[in-house]
Each structure stands twice: as structure tokens, then as C-alpha cells.
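Peer 1:
There are 2 protein chains.
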Amino acid sequence: MTHTDPPGAVPAPIDVPEAARWLAGRVVRTPVLSAPVIDRLAGARVLLKAENLQAGGSYKMRGGLFAVGRLAAAGRSGVVAQSTGNHAVAVALAARAFALAATVVLPVDAAATKVARARAAGARVVLAGTTVEERLAVARRVSDETGHPIVDAYDHPDVVAGQGSASLELIEEAERAGTPLDALVLPVGGGGGAAGACLAATGRPIEVYGVEPRGCDSLARSLAAGRPVAVPPAPTIADGLRPSCVGDLPFAVLRDRLRAVVRVDDDEIAAAFRLLLLELKVLAEPSGAAGLAGALRVAADWRPHSLGTDHGLRSLGSGGTRRLTAAERLPAAAGARQRTIGVVLTGGNVEPELVARLTATARIEEEVAVA
Amino acid sequence: MTHTDPPGAVPAPIDVPEAARWLAGRVVRTPVLSAPVIDRLAGARVLLKAENLQAGGSYKMRGGLFAVGRLAAAGRSGVVAQSTGNHAVAVALAARAFALAATVVLPVDAAATKVARARAAGARVVLAGTTVEERLAVARRVSDETGHPIVDAYDHPDVVAGQGSASLELIEEAERAGTPLDALVLPVGGGGGAAGACLAATGRPIEVYGVEPRGCDSLARSLAAGRPVAVPPAPTIADGLRPSCVGDLPFAVLRDRLRAVVRVDDDEIAAAFRLLLLELKVLAEPSGAAGLAGALRVAADWRPHSLGTDHGLRSLGSGGTRRLTAAERLPAAAGARQRTIGVVLTGGNVEPELVARLTATARIEEEVAVA
Numbered sequence: 007m008t009h010t011d012p013p014g015a016v017p018a019p020i021d022v023p024e025a026a027r028w029l030a031g032r033v034v035r036t037p038v039l040s041a042p043v044i045d046r047l048a049g050a051r052v053l054l055k056a057e058n059l060q061a062g063g064s065y066k067m068r069g070g071l072f073a074v075g076r077l078a079a080a081g082r083s084g085v086v087a088q089s090t091g092n093h094a095v096a097v098a099l100a101a102r103a104f105a106l107a108a109t110v111v112l113p114v115d116a117a118a119t120k121v122a123r124a125r126a127a128g129a130r131v132v133l134a135g136t137t138v139e140e141r142l143a144v145a146r147r148v149s150d151e152t153g154h155p156i157v158d159a160y161d162h163p164d165v166v167a168g169q170g171s172a173s174l175e176l177i178e179e180a181e182r183a184g185t186p187l188d189a190l191v192l193p194v195g196g197g198g199g200a201a202g203a204c205l206a207a208t209g210r211p212i213e214v215y216g217v218e219p220r221g222c223d224s225l226a227r228s229l230a231a232g233r234p235v236a237v238p239p240a241p242t243i244a245d246g247l248r249p250s251c252v253g254d255l256p257f258a259v260l261r262d263r264l265r266a267v268v269r270v271d272d273d274e275i276a277a278a279f280r281l282l283l284l285e286l287k288v289l290a291e292p293s294g295a296a297g298l299a300g301a302l303r304v305a306a307d308w309r310p311h312s313l314g315t316d317h318g319l320r321s322l323g324s325g326g327t328r329r330l331t332a333a334e335r336l337p338a339a340a341g342a343r344q345r346t347i348g349v350v351l352t353g354g355n356v357e358p359e360l361v362a363r364l365t366a367t368a369r370i371e372e373e374v375a376v377a
Numbered sequence: 007m008t009h010t011d012p013p014g015a016v017p018a019p020i021d022v023p024e025a026a027r028w029l030a031g032r033v034v035r036t037p038v039l040s041a042p043v044i045d046r047l048a049g050a051r052v053l054l055k056a057e058n059l060q061a062g063g064s065y066k067m068r069g070g071l072f073a074v075g076r077l078a079a080a081g082r083s084g085v086v087a088q089s090t091g092n093h094a095v096a097v098a099l100a101a102r103a104f105a106l107a108a109t110v111v112l113p114v115d116a117a118a119t120k121v122a123r124a125r126a127a128g129a130r131v132v133l134a135g136t137t138v139e140e141r142l143a144v145a146r147r148v149s150d151e152t153g154h155p156i157v158d159a160y161d162h163p164d165v166v167a168g169q170g171s172a173s174l175e176l177i178e179e180a181e182r183a184g185t186p187l188d189a190l191v192l193p194v195g196g197g198g199g200a201a202g203a204c205l206a207a208t209g210r211p212i213e214v215y216g217v218e219p220r221g222c223d224s225l226a227r228s229l230a231a232g233r234p235v236a237v238p239p240a241p242t243i244a245d246g247l248r249p250s251c252v253g254d255l256p257f258a259v260l261r262d263r264l265r266a267v268v269r270v271d272d273d274e275i276a277a278a279f280r281l282l283l284l285e286l287k288v289l290a291e292p293s294g295a296a297g298l299a300g301a302l303r304v305a306a307d308w309r310p311h312s313l314g315t316d317h318g319l320r321s322l323g324s325g326g327t328r329r330l331t332a333a334e335r336l337p338a339a340a341g342a343r344q345r346t347i348g349v350v351l352t353g354g355n356v357e358p359e360l361v362a363r364l365t366a367t368a369r370i371e372e373e374v375a376v377a
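First to last, the protein sequences are chains Z and F.
Mapped onto this note's numbering, the consecutive letters of the first sequence carry residue numbers 7 to 377.
Mapped onto this note's numbering, the consecutive letters of the second sequence carry residue numbers 7 to 377.
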């Protein structure tokens, strides 16, 4: 069996509401959080879906569980997966839940906490190369040898649908609260979560944005080229966003439905990480924090007096901790409707050493600059 | 007006359900979280009420808002408060919400983040001494000069009732989920939260425990002596639990209703902090993490094969990271009902430097030892 449809093929049916129904009661219904200082910094209402509190530590549990559960129901005895980490952890946990064998392939430079978590869930862990192509080659060989199907981290309709259920819960909860989303922001690795978000938002006037670290902008380049374009993974603290190429299936969804890609640098991601940790009081991995960093850029573009390129978290980056001026802190002009931006905090599996490094550079002035 | 009743006096009416009704919609309805690894480590179901996600970063917002709101309704124009930090932040925010003036008195060695947050909320901040007596003397002088009443951090019926509302929400949510609490654990500084927990549990078969850092065990010594006993504050990473004496009003409640006090050391608190951060993915301040450290000791005493003094998080303390044996990881004996223990994670206002220090010493082995 092949793991992907060829580029340009009609995507397999991706049913986000069905995935959401199937997953209800099987995954954690994660809370939607907010913090006044983040709203003030954005000049908009920011609703954060805390999937870092999800089982397995990331929203990848949704796609992994939905896909593996269906394969178990179809009588398969094992599964194979490759990923930068969280999808591997999710598939390992899902396989254990359905009593299937699991082999997961991670890069040799994977976050140690993710390797440890996949092993703790009982999976066979194989470390191979640093690129998605290298991991896929190994995964295909294991699949051929064992007869176990590959559950791809993004090029799989059930995985995309499962990931999309996080966005759907956020969209629906924002509506119930009387603050429907104007925009929805997801970080992009292989693009499965962003594609799921686009499908979850279908029929609603919600702009969906993807966020990529500078230098890991396969989706942005792919959208410009009109076809999936691989980029050599650049160094970034957002280890989960390093896939060298967006998936074919997500690309087929995203090219028509994504509003735009926002690029962020490591300083912005680090500042968003500290904001989430010290103000919202939750631990997001840098890949998850990248979503907030991107959302602050999107919100900055909404403001009547945009700060140009020095907006969002750039003003809080480690390179400069100037206080926002009173004008910059102002909410939207009187009479203007407060806009709402949703962010899926995709995961929270972080190396303790990285937490230590990112918090050691925090300063009280930064922390309260926006209070 | 005096801030306390004399020892032995009949406590003023403390109505936790009334406080809960008044606070509904005025404070964040914080989620109740759990993590499989924490349950396995405890050998019991552990439900954590995430008041670190509360407005102002701690459950002190509840008592502060309830007390200040009532004073505003009574026509007062300002308030005075003293505390190790979080109560001062709460009163400052509450006063701003009701457009009252606020003066808050903190120790000279208060956590800088708490001082900054009180100032950011618009309060006049006075730093005075290191003991509760020194702060109270200053607060009384300010109260005399301004005519503004003191909202004590624990010796105030509305503050105790407000704090108790967090416990009541946890108790009721556990009942709705079909897993009613067998025990409820709160860290003890001045004792207001633990007293509120006892009152919230009234009429239910729930054992309420208080947790104190070793050397800051005013409540334990007071219960033994039958009257409030001050202790010189000992060094501890749990800055919020350093009051040198339990309050008279909380003591009057606790002496009759508290099941026991559990003493924990800094190694256990640090290990609980890391467990909450890296497994539950939330930032609790060490004073809040002390509650989980104490809960793990309570749960260890429930186990059929108790590990004696080397139970709970001692096995994960920085002094030793031995893996738990298979027997130690076993859940309760087959047929025994799974017991449920509730913990109020009281706050999340932590110095970035302390986060860095506590995570720098974490090891992957520790993190997954209980997976």
C-alpha cells in the first residue's frame, strides 16, 4: 500500500465532524484558555485551545487514535508511523489502547522526551536520518516486512480529520461563548493540522492561517510554486515544524482554503513560549508556541495603526524588551467590534533543558511589559 | 476596626456556597486536570483543580474579590492588605475592578513577579520586613491613616469563604464525574484555603489534609499545642507558605475539622513542580506544587504495601532518581475501589529564574520513571 495519493489527486474523504464524534470521550476535551495580557498585546480576543493538555501531550493523539482505531476495527494487527516525535508518541499510545503492535520511526535528532514517551508506550522505536524522506524509506521497509500499514503523520485522511477535530471544538466553543472566531491559526509541520482546521472551518467566515518558522517554510514555498516543494530543514527551536516538505494531501486542501502563511523567527517563538508559560501558566512546546507568535502577527495587521514589521512579539523578543507605548496597548478603536482569533496550542512535550534555557533569559520587565 | 477575632472567639459566619454563587461568572471557572502518570505514581485517582489558571494567577483572587466586592458595596473607598504576595495581587486587582484605592504590604524578600503584578494592577506597594507581624503593623498604620479597612489574607470570613469556593467547585465536579473525593489536600500558609476546604466539605465524607513545608509548620505545631503557635520562617522554595503563624480564624476551623497536616521537604516540592510542568503541562508555583507533594504522601499511606518514609515523591527527589519497581507502580489491589484525591493547585506565579533552576536539574529518566 502507498502512504500518499499522487499530487493533484482528489483527496480521500476527510470528515472532521465524524472524527470529532468518534473521538468524543476517547480523548481529553481540552479547555479553551485566555489571558488579559495576551488579549492586550494582540489588541484582539485570543482564544487558546490547550491541546498541550491532551493525552500524549499533543493534538496528534486525535489523528493517531482515529486512524489506528479504524485500522484495529478493520482487523489489522499492527501499525507503522514516522514523525518528528508527537505523531509517533500518539500512534504508540493509540496502538497500545487497541492492543496493536507499533513501530515508530523518528529522526536521530528527535527530542529525547518524545523518544522516551514512545518507548514508554511500548512501541518499537527506530531512529533514522534527519529528513522525512529518510524516515519514510525506513517506514516503508518496516511496513513491507511486517505487513503493517503506515499511518502517515499528515498524508492520511483520518489523521487530518482527527487533527481537525481540535479546531472544530475551538470553533464551536467560541460560538457558544458568543465570540465566534474571525481567524484561526495553526503551526505547520506537514500541514495536517492546518488542513484539518480549514476543513473544520468550512461554511464559516473564518480566515485560517498557517505559521512556519523562517527557513522551514515548505508550505509558503509550495503555495507560491503551486506544488509541494521540499526545503532542507533549517535549525529552529520548533522541532515539530521541521518536516522538509508539506504533505500532498494537506497541500491539496491548503492551496485552495488557507488565507496565508505567517513566518516567525525563533525569538518570537521563544517570547510566545514565555508568555504562555508565565502568563497563561501552561507549558507549550515551541512548535505550539509558534501558533501564538503567528497569531500576534495576524492581529497586528488588523490594528488601525499597525506597527509595521516591529509588531507582535518582536517587541518582546530577546533582542529588545522595550515596553509597549500606551498607544500600542490600546484596544481596537471605540466602536470597532473586538475581533477574535483562535489558536490551537498543538503540544507540550518539551525537553526540560529547553525550558530551563528559555526561562533563564526571561526578565520581569518582559513579563509585565504588557500587564 | 480590628482584623481578627481574639483566639477562641466564635468565628464570624463563613458561607462558602454563598461565596461560590457570588463569584460565579466573576472569576475563571478553572478546569480540573489529571494525568495518567500522576495517577500511577499515587496509586489513586488524582484530580487537580488548576487555580494557577485563575485570574491573577492564584485562587487568592476568589477571597480577594469577594471581600473587596462586599466592602465596595458597603461604600468603602479603599482597602489595605498584607501578604507574601498572591493575596496582595488579588486585592490589587479586585480593588481596580471595583474602582477602590489599594495599599498592599509585602515582605522585602517577596517574589519580584508578585510585586510587579501588584504594581501593574495600580496598587500602592509597601515592602516591610519578613514576618507577618511586621507587615501587619504597617498595614494597621496605613489603615489608621487612610481609614481604609484591612482585608486580611486569611483572618477574614469572606476571604476564607472565597478561597473555599475553589474546593467546592472541585468537590462538585468530582461528584458529577462519578468519582467523588475521598480526600482533599491544600497547602497551608495562613490556613485560609485549608479552612475554606474544610467548610466546603461539610456534610460529605471527605478527609481534608493540610500541607506545610518542613520548618514552616505553624499549623502542625498549633494543632499540637491547641492554640496558634508562631514559628520563625524557615527557608523554602514555597514562598507562599512562609507566614510565621496560622491565622486565628482558620485555626478555629481547622482544629476541629482537619484530618492531619503533612510535612514535605523542598526536594519533594521541586519534584512535584516538575511533574506538574512536564507531565500535566501546567506551571504551578512551588507553594501550589506542595499540595501535590502532600497528596502523594497521603495516597502512599492508602496503599496496602506502604513504602514507609520512602514513598511518594521522595523517590523522585533530586537526591535520588531510582525507578519505581513494578510492585510500587501497581494500582490498588484487585477488587479494591480506586480512591480519589483532590488537590487545589493554588497558584502559578513563579519567578522565571526559579523555573529555570528547577527544570535545569530535571532528567528524562525522572520524567518517564513513572510512565
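Glycine residues also receive a C-beta, built at the ideal position from the N, C-alpha and C atoms.
Which residue's Cα is closest to the Cα of F/Leu234: F/Pro219, F/Ser250 and F/Trp28?
Peer 2: Reading off the sequence, residue 234 of chain F comes out as Pro, not Leu. The shortest Cα separation from F/Pro234 among F/Pro219, F/Ser250 and F/Trp28 belongs to F/Ser250.
Peer 1: Which term fits Z/Pro113, buried or exposed, when burial requires 16 or more other beta carbons within 10 angstroms of its beta carbon?
Peer 2: Flag for Z/Pro113 reads buried.
Peer 1: By Cβ distance, which residues of its chain are closer than 7 Å to Z/Ala240, with the 5 residues on each side in sequence left out?
Peer 2: Excluding sequence neighbours, Z/Ala240 sits near Gly221 and Cys222.
Peer 1: Figure out for me which residue from F/Ala276, F/Gly196 and F/Leu264 has the closest Cα to the Cα of F/Lys66.
Peer 2: It is F/Gly196 whose Cα lies nearest to the Cα of F/Lys66.
Peer 1: Should F/Glu57 be labelled buried (16 or more other beta-carbon atoms within 10 Å of its own) or exposed?
Peer 2: Buried, since its Cβ has 16 or more Cβ neighbours within 10 Å.
Peer 1: Exposed or buried, what is Z/Thr208 when buried is set at 16 or more other beta-carbons lying within 10 Å of its beta-carbon?
Peer 2: It is exposed - the Cβ of Z/Thr208 has fewer than 16 other Cβ atoms within 10 Å.
Peer 1: Looking only at its own chain, which residues have a Cβ that is under 6 Å from the Cβ of F/Ser298, when we skip the five neighbours before and after it?
Peer 2: According to the sequence provided, residue 298 of chain F is Leu. The question's Ser does not apply to it. Ala278 and Val349, listed in sequence order.
Peer 1: Please name the residue, chosen from F/Tyr215, F/Ala366 and F/Ala61, that lies closest to F/Gly300 on a Cα-to-Cα basis.
Peer 2: Checking every option, the nearest Cα to that of F/Gly300 belongs to F/Tyr215.
Peer 1: Shorter than 8 Å from the beta carbon of Z/Gly63 to some beta carbon of chain F?
Peer 2: Yes, Z/Gly63 counts as interfacial toward chain F.
Peer 1: Assuming Z/Val85 contacts Z/His162 (C-beta within less than 8 Å), just tell me the rounded distance between them.
Peer 2: Z/Val85 to Z/His162, Cβ: 11 Å. No contact.
Peer 1: Taking a Cβ distance cut-off of 7 Å, strictly less, list which residues of the region 81-107 of chain F are near chain Z, in chain order.
Peer 2: If the cut-off is 7 Å between Cβ atoms, the region 81-107 of chain F has nothing near chain Z.
Peer 1: Would you be able to state if there are at least three C-beta pairs under 8 Å between the region 115-127 of chain F and the region 142-159 of chain F?
Peer 2: The region 142-159 of chain F is not in contact with the region 115-127 of chain F.
Peer 1: Taking 8 Å as the CB-CB limit, is F/Gly354 close to chain Z?
Peer 2: It does: the Cβ of F/Gly354 has a partner Cβ on chain Z nearer than 8 Å.
Peer 1: Cβ of Z/Thr365 less than 8 Å from any chain F Cβ?
Peer 2: Yes - at least one Cβ of chain F is within 8 Å of the one on Z/Thr365.
Peer 1: What in chain Z is Cβ-close to F/Pro37, meaning under 9 Å?
Peer 2: Correct list: Thr36, Pro37, Leu39, Ala56 and Leu59.
Peer 1: Judging by CA-CA distance, which residue of Z/Thr90, Z/Ser293, Z/Leu225 and Z/Leu190 is the nearest neighbour of Z/Thr136?
Peer 2: Nearest option by C-alpha distance: Z/Thr90.
Peer 1: Where Z/Thr365 and Z/Ser40 are concerned, what is the direct C-alpha to C-alpha distance, given to the nearest angstrom?
Peer 2: Their Cα atoms are separated by approximately 21 Å.
Peer 1: Distance check for F/Arg76 and Z/Arg46, CA to CA, integer angstroms please.
Peer 2: Using only the alpha carbons, I get a separation of about 28 Å.
Peer 1: Going straight from the alpha carbon of Z/Ala226 to that of Z/Asp262, what length do you get?
Peer 2: Taking the straight line from one Cα to the other gives about 13 Å.
Peer 1: Counting contacts by CB-CB distance shorter than 8 Å, is F/Pro292 in contact with chain C?
Peer 2: Judged by its chain identifiers, the structure shown contains no chain C, and its protein chains are Z and F.
Peer 1: Would you list the residues sitting across from F/Ile156 in a DSSP beta bridge?
Peer 2: BP columns for F/Ile156 point to F/Val86.
Peer 1: With H, G and I counted as helix, E and B as strand and the rest as coil, what does DSSP make of Z/Arg363?
Peer 2: Looking at Z/Arg363 - three-state DSSP - the assignment turns out to be helix.
Peer 1: Our contact map puts F/Gly63 next to F/Gly246 with C-beta atoms below 8 Å; I'd like the distance itself, whole angstroms only.
Peer 2: Contact doesn't hold; Cβ gap of about 11 Å is too wide.
Peer 1: What residue does the alpha helix (DSSP H) around F/Lys287 start on, and which one ends it?
Peer 2: Looking at the DSSP string, F/Lys287 is not in any alpha helix (DSSP H), and its letter there is neither H nor E.
Peer 1: If you measure between the beta carbons of F/Ala87 and F/Ile156, is that distance less than 8 Å?
Peer 2: Yes, the pair counts as a contact, with Cβ atoms nearer than the cut-off.
Peer 1: Indicate the three-state DSSP secondary structure (helix, strand or coil) for Z/Pro42 in the structure shown.
Peer 2: Here Z/Pro42 sits in helix by DSSP.
Peer 1: Out of F/Arg210, F/Ala295 and F/Ala201, which has the shortest C-alpha to C-alpha gap to F/Ala266?
Peer 2: When each option's Cα is compared against that of F/Ala266, the closest is F/Ala201.
Peer 1: Quick one: grab the DSSP three-state call for Z/Asp108.
Peer 2: The residue asked about is misnamed: residue 108 of chain Z is Ala in this sequence, not Asp. Three-state DSSP puts Z/Ala108 in a strand.
Peer 1: Given a limit of 9 Å on CB to CB distance, which residues of the region 123-138 of chain F reach chain Z?
Peer 2: Listed by position along the chain: Arg123, Arg125, Ala126 and Ala127.
Peer 1: Looking only at C-alpha atoms, which of Z/Ala108, Z/Glu213, Z/Gly69 and Z/His93 sits nearest to Z/Ser83?
Peer 2: Selected option, being the one with the closest Cα: Z/Ala108.
Peer 1: State the beta-bridge partners of Z/Gly170 as determined by DSSP.
Peer 2: Z/Gly170 pairs with nothing; no bridge assigned.
Peer 1: In terms of alpha-carbon separation, which member of F/Ala230, F/Val132, F/Arg141 and F/Val166 lies closest to F/Ala25?
Peer 2: Selected option, being the one with the closest Cα: F/Val166.
Peer 1: So the alpha helix (DSSP H) F/Pro193 belongs to, where does it begin and stop?
Peer 2: Where F/Pro193 is concerned, there is no enclosing alpha helix (DSSP H), although the beta strand (DSSP E) it sits in stretches over Ala189 to Pro193.
Peer 1: F/Thr119 lies in the alpha helix (DSSP H); which residues open and close that run?
Peer 2: Counting along the chain, the alpha helix (DSSP H) containing F/Thr119 begins and ends at Ala118 to Ala126.
Peer 1: Residues of chain F with CB under 7 Å from Z/Lys287, in chain order?
Peer 2: Those are Asn58, Leu59, Gly63, Val288, Leu289 and Gly354, listed as they occur along chain F.
Peer 1: Return helix, strand or coil for F/Ala266, following the three-state DSSP convention.
Peer 2: It is a strand residue.
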